[in-house]
Every structure is written in C-alpha cells, then in structure tokens.
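Everything below concerns the one structure shown next.
Residue numbers (the UniProt record's numbering): 1 to 93.
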C-alpha cells in the first residue's frame with residue numbers, strides 16, 4: 001500500500017493505492033505525482049517539508065476576481081451594534 005499526493009489544477013489530492021493497482025495509477029498520473037510514501041503521515045510530512053512554503057496559492061487563474069460592491073451594506077468593524085442598541089458602539093458610550 002502506498003500514498004501519493006497528486007496535483008490536480010489548484011488542488012492537491014491524496015490517494016491510497018494498493019500494490020495491485022500501483023502500476024495503473026502511475027500510468028494514469030505519471031508526472032503529476034508529487035510525493036509517494038508508504039505511510040500517510042510520511043507523505044504529509046514530506047509534502048510540508050518540500051512543497052508547502054513554495055506553492056503559489058494565489059495565481060491569477062486560481063480564483064475568480066472579487067467584484068467591488070462599493071459601500072452598500074458594509075460597515076467598518078467599529079460600527080458594529082452591541083446589546084441590541086440601534087447606535088454604533090463608539091457613539092453609544
């Protein structure tokens with residue numbers, strides 16, 4: 001039994017593969033296999049050591065652009081209501 005981490009787009013997927021399917025798995029994923037180990041803890045530790053701090057999680061194609069909704073419905077944190085008052089906290093005191 002082996003554990004593999006494969007990169008699929010912007011995600012990393014962990015696979016547990018039995019010995020009888022290992023060659024078929026390697027044929028299917030080949031160069032997309034980043035890490036392989038015999039234990040889940042080992043594959044996670046190796047992933048953290050070798051990849052975690054070098055991955056660019058915020059590439060342009062990874063996430064949709066956020067739309068600027070303006071100030072409609074938004075309040076600064078200091079204007080939050082307290083105890084059901086209808087006045088902002090900084091003015092209620």
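Using N, Cα and C, we set each Cβ at its ideal position, and we do this for glycine too.
Are residue 22 and residue 46 touching if we call contact CB-CB under 9 Å? Here residue 22 corresponds to residue number 22 of the chain shown, with the count starting at 1. Here residue 46 corresponds to residue number 46 of the chain shown, with the count starting at 1. In this structure, residue 46 does not lie closer than 9 Å to residue 22 by Cβ.
Could you name the residues of the same chain whose beta carbon sits closer than 6 Å to that of residue 49, not counting the 5 residues immediately before and after it, in chain order? For the purposes of this step, residue 49 is taken as the residue at position 49 of the chain shown. Closer than 6 Å at Cβ, skipping near neighbours: no residue.
Per DSSP, what kind of secondary structure is residue 10 in: helix, strand or coil? In the chain shown, residue 10 corresponds to position 10, counting from 1. Coil.
Take the Cβ of residue 6 as the centre, count every other Cβ of all protein chains shown within 10 Å, and call the residue buried at 16 or more, exposed below. Numbered from 1 along the chain shown, position 6 holds the residue referred to as residue 6. So residue 6 counts as buried.
Span of the alpha helix (DSSP H) holding residue 22? The sequence position of residue 22 within the chain shown is 22, counting from 1. Boundaries of the alpha helix (DSSP H) around residue 22: 22-29.
Roughly how many angstroms separate the alpha carbons of residue 33 and residue 26, rounded to a whole number? One-based indexing of the chain shown puts residue 33 at position 33. One-based indexing of the chain shown puts residue 26 at position 26. Rounded to whole angstroms, residue 33 to residue 26 spans 8 Å at the Cα level.
At a cut-off of 8 Å, is residue 29 close to the ligand NAD when judged by its beta-carbon and the heavy atoms of the ligand? Ligands are entirely absent from the displayed structure, and the ligand NAD is therefore not among its contents.
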